[in-house]
Amino acid sequence: MRATIAFSTAGTHTVTASLESDAVAPDNAYYTAINVPKELRVLLVDASPNGESAKYVAAALAPGGEAGTGIVPQIEPPRAIEDLKLDQFDTIFLLDWDMPSPTAAAALTEYAAQGGGICLFVGERADVREYTRVLYEGAKSLVPVPLLGPTDLPIDRLGASPDVAFGDHPIFAAFRGSGSSFLNTVRISRYVEVDTERTKPGAEVIAELRNGAPLVYEYPLGNGRVIVFLTTAAPVWNNWARGNPSFVITMLELQRYLHRNSPQAAALHVGDRARFLFRSDRWQSVLRWEPPAELGQSPETIAPPKGTGAVEVELPRVSAQGIYRLRLIDVSGNPQEQAFAVNVDPDEGDMTLLSSGDVVRDFGSLVDAFIPAAEATAVTEDHSGTPARTVFYLLVAFVLLEQAAARWASYHPSEPVAAGGQRR
264 MRATIAFSTA GTHTVTASLE SDAVAPDNAY YTAINVPKEL RVLLVDASPN
314 GESAKYVAAA LAPGGEAGTG IVPQIEPPRA IEDLKLDQFD TIFLLDWDMP
364 SPTAAAALTE YAAQGGGICL FVGERADVRE YTRVLYEGAK SLVPVPLLGP
414 TDLPIDRLGA SPDVAFGDHP IFAAFRGSGS SFLNTVRISR YVEVDTERTK
464 PGAEVIAELR NGAPLVYEYP LGNGRVIVFL TTAAPVWNNW ARGNPSFVIT
514 MLELQRYLHR NSPQAAALHV GDRARFLFRS DRWQSVLRWE PPAELGQSPE
564 TIAPPKGTGA VEVELPRVSA QGIYRLRLID VSGNPQEQAF AVNVDPDEGD
614 MTLLSSGDVV RDFGSLVDAF IPAAEATAVT EDHSGTPART VFYLLVAFVL
664 LEQAAARWAS YHPSEPVAAG GQRR
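Everything in the sequence shown is counted per the numbering used here, starting at 264 for the first residue and increasing by one.
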């Protein structure tokens, strides 16, 4: 089930979905915690002299006027990557990046590993050899496949099929069904060819060209994600950003999909340990952990993390479902909170009966013999107590024989004897 909920204020919001009561009550409610920021800061890195690619992306993310998105784009040249504190941005777009430096690549991979989302549009200025050397072959790869070089997509004179086949992915979900007509009008004239034989594990092609060549990759990196487009963001190698509504929608969905994925955003089940990414430049070292009030547990003070920068803090193990809260003080002295939703593992409420094969597979080392209930009932009805009854009958026969033998072997006078020992 999907539901769209609009929050009118920033801050922590909780949502609870519940079902009617059944045999397993604990999993009838599902909790969600949503930390809504006042604004989303997005870094657009553009190497072109006039920032053409960044202008198209910025206009899609923050069109202005009444169409407020809460997104604040910040356009910078590539050299700014090494100077900026990247963890202040919710998402980073790399547009037409020409020559990546090892220092910038290390900062970006660290940002993604800590939950940040990165979108890379490979443009006409890209040095594919440096991309492969720095971003693919480096210690922490930012791109999942080696780049070979730009190439043209042959023109389809018959127009029998669209230039791009977009996969079943969240950033393209709005175009399923009738909405796909917008994507069908996207025309690609040029793209960057890649060596698919050397694709990194975990990478997935989420859009490909009509000739079968990959166009868009998704690549997990630490706690974050990287989306790589092998064509330009500006309408240089394609016509996508030139008046096609699907470009605006895709950029907004892409921003939402890549939005910083902190460790605490992961689904928590009863028995798990929550984690929080503590940033010394954002928070003071004051942490207070509060379980749900209905549990009656006392709040707990968390020891401040050591070190500077971003440090992952391990919080107490959660013992029951509900909304847990972490109270903090920011560097300005203002109280803040982060909410964590804890739910029962859905698998624990699965009431499906296991077959004999499943029992043997899952518990084979614990089960010597498996007898279905129907067979066990039949055995009970047909043969229950048979060994015991046999033993019982043998004992009765033995006692009777013993009594008979004792009577036969003992002395029994033939005539009665009178008092005094005289026979009558």
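No residue lacks a Cβ here, since even glycine has one placed at the ideal position from N, Cα and C. Here the structure is a predicted model, which is why all the values come from computation and not from measurement.
Considering only C-alpha positions, which residue in the set the options is nearest to residue i?
i, options, result
"P483", "E387, P407 and R342", "P407"
"L446", "D458, V335 and I512", "I512"
"P579", "L591, E563 and G570", "E563"
"S364", "A375, R342, G380 and G379", "R342"
"V576", "T277, P567, A672 and F438", "P567"
"G475", "T366, G430 and L515", "G430"
"P340", "A668, P312 and I334", "P312"
"E481", "L472, V468, L493 and R473", "V468"
"L591", "L550, A583, V607 and E611", "L550"
"A310", "I565, A497, N606 and R505", "A497"
"V499", "D419, S452 and T459", "S452"
"R461", "L493, Y454, L478 and Y399", "Y399"
"V391", "L478, L493 and L306", "L493"
"I418", "D426, G412 and T615", "D426"
"Q599", "E665, D610 and W552", "W552"
"G333", "A280, E315, D290 and F270", "F270"
"G386", "S281, G331, E456 and Q351", "E456"
"D353", "I381, P326 and G331", "I381"
"L589", "F539, R420 and D458", "F539"
"E238", "A537, I268, A266 and A288", "This structure cannot speak to residue 238, because the chain is shown only from 264 to 687."
"F510", "T279, A669, P326 and T267", "P326"
"A537", "N606, V489 and I268", "N606"
Below 8 Å CB to CB, which residues in the same chain sit around residue i once its five sequence neighbours on both sides are set aside?
i, result
"R624", "none"
"L657", "none"
"T277", "Y294, T295, A296, I297, I586, A602 and A604"
"E516", "P433, I434, F435, A436 and A437"
"Y454", "P413, T414, L416, L472, A476, L478, L493, T494 and W500"
Let's test the definition: count the other Cβ atoms within 10 Å of the Cβ of residue i and tell me whether it reaches 16, buried, or not, exposed.
i, result
"W360", "buried"
"G596", "exposed"
"L383", "buried"
"S618", "exposed"
"W671", "exposed"
"F661", "exposed"
"Q527", "Low confidence applies to Q527: its pLDDT is 48, below 50, so where it sits in the model is not reliable, and the reading given next is rough at best. So Q527 ends up on the buried side."
"L410", "buried"
"P609", "exposed"
"I268", "exposed"
"T395", "buried"
"V659", "exposed"
Since residue i and residue j should fall inside the 8 Å C-beta cutoff, what is the C-beta to C-beta distance between them, to a whole number of angstroms?
i, j, result
"L303", "H522", "7 Å"
"A470", "A428", "7 Å"
"P555", "Y587", "7 Å"
"Q377", "N486", "6 Å"
"V320", "L357", "Not a contact, Cβ separation roughly 11 Å."
"A368", "V397", "5 Å"
"W503", "V581", "The pair is not a contact, with the Cβ atoms about 45 Å apart (cut-off 8 Å)."
"A370", "L349", "6 Å"
"Q547", "V305", "Not really, about 27 Å apart at Cβ, beyond 8 Å."
"T688", "E345", "Residue 688 lies beyond the stretch modelled for the chain, which goes from 264 to 687, so this question has no answer here."
"A292", "S281", "5 Å"
"K463", "S404", "6 Å"
Can you find the residues in the same chain that come closer than 6 Å, C-beta to C-beta, to residue i, ignoring five residues on each side of it along the sequence?
i, result
"Q560", "P554"
"F655", "none"
"G620", "none"
"F541", "P568, V574 and V576"
"L558", "A583"
"T414", "E456"
"T615", "none"
"R505", "P498"
"V491", "L383, V406 and Y480"
"R388", "A310, D359 and D361"
"A466", "P407, Y480 and Y482"
Please return the same chain residues whose Cβ sits closer than 7 Å to the Cβ of residue i, not counting the five positions on each side in sequence.
i, result
"R545", "D593 and V594"
"M514", "V320, A323 and L324"
"S424", "R473"
"P508", "F445"
"M362", "D390 and E393"
"P300", "A273"
"I338", "L307, D309, G314, A317 and A321"
"Q351", "R304"
Unbroken beta strand (DSSP E) runs of length 3 or more, entirely within the stretch 455 to 527: which are they?
467 to 472, 477 to 484 and 487 to 492
For the stretch 296 to 362, list the beta strand (DSSP E) runs that are entirely contained and at least 3 residues long, ordered along the chain.
303 to 309, 334 to 339 and 354 to 358
Which residue spans inside the stretch 555 to 581 form an unbroken beta strand (DSSP E) run of at least 3?
563 to 565 and 573 to 580
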